[in-house]
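I have placed the structure first, in the form of structure tokens, so that the comments after it can refer back to it.
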Amino acid sequence: MKRIALLAALITLASCSSKGPDDGSLGNEQAKDMFKEAMSQPPVPQSVMRNGDRLSFMLLQPKSETSPFGFLLQVDAACSSPSASLIYLDGVKRIYFASPDGKYAPARPIPAGQVEVLNASPAFQRACATTPQPDWRVLKGKGDEQYVMIDRNSLSTIDGQLQFWAGYDSPSIGHDLPYNAPYAQKRERYALDCGKQTFSLLAGYDLDEHNTVTDGGVFFEPKTYAVKGSDPDYRLLFDAACGKPEGLAALPAFKPRTKAPLVLTTPRVQAPALSSVKQLNLPAPAKQLKRTVETGTAHLKGQSAPFTEEKSFSQDKASGLLAVRTKGSNFEGQAVSFRGLVALAQQTVYSGEAPMVDNIGLNAIAFSGDWKNMPVGAQLGYVTDGKMSNSVVGEYGKPRQAFDCRVEQQVPAAQVNARLSGQAKKLRCAHLEDSFKRVETLYYLEDYGYFFRAGVDPNDFFHEERVLKEVE
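Residue numbers (my numbering): 29 to 500.
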């Protein structure tokens, strides 16, 4: 019980929360001391990878007077600025911070006080100074095939063996069991004896499309295998590593590629719904959004988790309306939308351990109020009639949904994101006939003709806060 309570305290600390664990005898002070000691540990050499100014590495906290049990921390940290994130903790079990179900969740920032301890560590400073920028070269693969790669700058001789990082770059985003962790690339570190033709796998990691670790770890008792009879890609890598350096230098350099999106089938927009939108006769926006990144925290029945959603925008050819492609950590969606306010047709594909497909199609939508001008103080409304279906549970939800909105104020759009121009109308929209009485906050970005959803007020079921972090 004590170990579980201390893990809870570590989770609380890593989540930057002021609330301690339930057991008062194990307050945050002990967890803080454990975390501080862990931050002062040297990076595990086999785990260290570089991406620009950032290092990814594992910290091993042994059992000590401060820590009654050992645990591992996977960390991503900047070398030249006080910035670091905690990806996961391995102890009694794997813990992704803010994950409500034990599955993958994005990394969380480490509190500033703990980052100071890390930055002051001579071992961390040495790792930053001595770990070279990678030079990835492609040994195999082209087009939409998997690339087999070697980091020629990682080659070094340690204890008579050649150690290096290899990479396997996927053409699309996958998800690995058991944590449903996304990966765009897999990396493995080997120790290779070119004379004996034997090798050991020292570490293996999954990385997302931003080169951030999502899963994996170090093999502290690696086994030795014969090169002969091993995987063909391994043999290709080992032949190249044992060859002349100029051979690696002649290989093509790896260029990061856009990962293939899921193929989504968007339901066709129904004529009555399209007609209602066009009857609003709204002016064409002066500018067009190309891409946004939204970050925030979602709260479901008392459980909280951070999220990031990337959206790309285009024009739907069939309807002329806004087409929105949304990508999250475990889903991708395609929608035909009325300016971001409501999807007239939408398909969302959820990947991972519980894959499913969600479809939304509106048969009709009716608007009330002055949506064309949206003067401050105006009451606006809309009612939708449609069908929501899921590949697992079938049809769900009420066919009719009604919303009542009030235009509360006009503010510079730069308050939403500094790169935005023009004005923004702040709306508060209540979901009528909703047992949880949910209320949303939206900003209509006038120059762009787009409603940005800033969040849902706290209630007993679901609420969230969103920030428009990036705009193109």
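Just so you know, even glycine gets a beta-carbon here, dropped at the ideal spot from N, CA and C.
This structure is a prediction, so every number in the text was calculated from the model and none was measured.
query: Separation of Ser-149 from Ile-186, as counted between CA atoms; result: 23 angstroms
query: Continuous alpha helix (DSSP H) stretch holding Leu-235: start and end; result: Leu-235 -> not in any alpha helix (DSSP H); beta strand (DSSP E) instead, spanning 226-235.
query: Enclosing beta strand (DSSP E) for Lys-168 [first to last residue]; result: 164-168
query: is_contact[Pro-150, chain D] using C-beta, thresh 8 angstroms; result: The question asks about chain D, but that chain is absent: this structure has only one protein chain.
query: Residues near Asp-204 by beta carbon distance below 7 angstroms, same chain, minus five either side; result: Tyr-211, Asp-234 and Asp-243
query: Coarse secondary structure for Leu-265, derived from DSSP in three states; result: helix
query: Sequence-distant residues of its chain with Cβ nearer than 6 angstroms to Val-411 (five each side left out); result: Ala-394 and Ala-430
query: DSSP state of Leu-205 mapped onto helix, strand, coil; result: coil
query: Met-238, buried or exposed, once every other Cβ within 10 Å from all chains shown has been counted against 16; result: It should be pointed out that residue 238 corresponds to His in this sequence rather than to Met. Exposed, since its Cβ has fewer than 16 Cβ neighbours within 10 Å.
query: Validate contact between the region 186-198 and the region 112-119 using beta carbons, cut 8 angstroms, 3 pairs; result: no
query: Glu-360 (DSSP reduced to helix, strand or coil); result: strand
query: Pro-334 versus Ser-182: straight-line alpha-carbon distance, rounded; result: 34 angstroms
query: Secondary structure of Arg-428, DSSP reduced to three states; result: strand
query: CB of Gly-361 within 8 angstroms of CB of Gln-375, strictly; result: yes
query: First through last residue of the alpha helix (DSSP H) which encompasses Gly-141; result: 140-148
query: Beta-carbon contacts of Asn-309 that lie in its chain and below 8 angstroms, excluding the five residues immediately before and after; result: Lys-400
query: Gln-142 versus Lys-121 - alpha carbon distance; result: 23 angstroms
query: Three-state class that DSSP yields for Leu-117 in the structure shown; result: strand
query: Cβ pair Ile-505, Ala-268 closer than 8 angstroms; result: Only positions 29 to 500 of the chain appear in this structure, which leaves residue 505 out of reach.
query: Boundaries of the beta strand (DSSP E) in which Gln-331 is found, first to last residue; result: 331-343
query: Which listed residue (Pro-199, Ala-452, Pro-137 and Met-416) has its alpha carbon closest to that of Lys-170; result: Pro-199
query: Separation of Met-67 from Ala-59, as counted between CA atoms; result: 12 angstroms
query: Thr-286 burial status per 10 Å Cβ neighbour count (16 or more: buried); result: exposed
query: Short Cβ contact (8 angstroms threshold) for Val-467 with Arg-456; result: yes
query: Alpha-carbon to alpha-carbon, Val-370 and Met-402; result: 17 angstroms
query: Contacts around Tyr-124, its chain only, beta-carbon distance under 6 angstroms, and the 5 residues preceding and following it disregarded; result: Tyr-116, Tyr-132 and Ala-133
query: Beta-carbon contacts of Arg-180 that lie in its chain and below 6 angstroms, excluding the five residues immediately before and after; result: Asp-163, Arg-165 and Leu-276
query: Ala-355 to Asn-391 span [Cα, whole Å]; result: Per the sequence presented here, residue 355 reads as Lys, with Ala not at that position. If I take the Cα positions, the gap works out to 26 angstroms.
query: Sequence-distant residues of the same chain with beta carbon closer than 6 angstroms to Pro-313, five excluded per side; result: Tyr-476 and Gly-477
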